[in-house]
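The next block holds one structure in the form of structure tokens; read it before the comments.
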Amino acid sequence: QQKLVARKARKFIAQGGRLTLPALELAYLFLGIAHAPRKTVQEAKMLAEVRRARVLLDKAGGDPKKYLDGKGGYWDDLCLVDFLEGICLRYIAYPDPDAELDLSETPTMSQEEADKASEEVFNAVLKNGPMIELDHFLVYNAHYELGRLYACRGDTTVAKTHFDLVLSGKYLEVGPSGKKGRYSLENSLHLRTYAALEALHQNRLWGYPSSVIFLP
């Protein structure tokens, strides 16, 4: 936690006193999103905030020098926005067992749409991961969440591949600069990943079944 706070403080100063989606980021890291009502995660709140942050990134037109007047952090923020959007979409497709569900509500998108879109943005994090300056933990968490997504689909083989990568000790986000150091909340992610592997071995259900999530 100290490493995370230190890196966020450096980023806050470098970006002129601002951070992108800090509340949502902390909500994810400390398992707050897992217990949220689905209507809060959807257009009403969380996903809408993520997409507002994306508008600012889009204005840079893919040029990091045009983002926040060249103060840096473009790739970190892009990966964070992609990651948090993936979290929201995966949650819409497959809410956690602890989620507060209103079975009378109508989802804003189909399970198939949310599932596919979630995978796309998680893969975008992996693609752009080598460009990250500070928030390297996003790459490892993206592998973890892809593992969860595949587990929800019932594809335990691919799910295990992603979980094993998290635990492999490999530098998954290495770019042209070479190896990086330990990433924020590494031990916490390892514990969650071991628990995920145990759930796979025991064939435990990940999230609510689609017949409950998407009523006819």
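Everything in the sequence shown is counted per the working numbering, starting at 673 for the first residue and increasing by one. For each residue, glycine too, the CB sits at the ideal point set by N, CA and C.
- The three-state reading of DSSP puts P767 in coil, since its state is none of H, G, I, E or B.
- Taking C-beta atoms under 8 Å as the contact rule, C751 and D807 qualify, at a distance of about 7 Å.
- Assigned with DSSP and collapsed to three states, P779 falls in coil, not helix or strand.
- The C-alpha of H873 is placed about 36 Å away from the C-alpha of E721.
- Counting along the chain, I685 sits inside the alpha helix (DSSP H) bounded by residues Q674 to A686.
- For the set A708, L728 and F702, the Cα lying nearest the Cα of L691 is the one of L728.
- For T692, the secondary structure class from DSSP, reduced to helix, strand or coil, is coil.
- Per DSSP, reduced to three states, the secondary structure at H808 is coil, with no helix or strand assignment.
- With respect to H834, L818 sits close: the two C-beta atoms are nearer than 9 Å.
- Here H707 is exposed. Its C-beta has fewer than 16 other C-beta atoms within 10 Å.
- In this structure, K731 lies away from Q687, with their beta-carbon atoms at least 9 Å apart.
- Taking the Cα of G689 as reference, the smallest distance to any Cα among F702, R723, Q674 and G745 is reached at G745.
- For K832, the enclosing alpha helix (DSSP H) begins and ends at T828 to L839.
- The beta carbon of C760 sits closer than 7 Å to those of V713, M718, L719 and V722, all from its chain and outside the five residues before and after it, given in chain order.
- Of the candidates F684, G704 and P709, the residue whose Cα lies closest to the Cα of E777 is P709.
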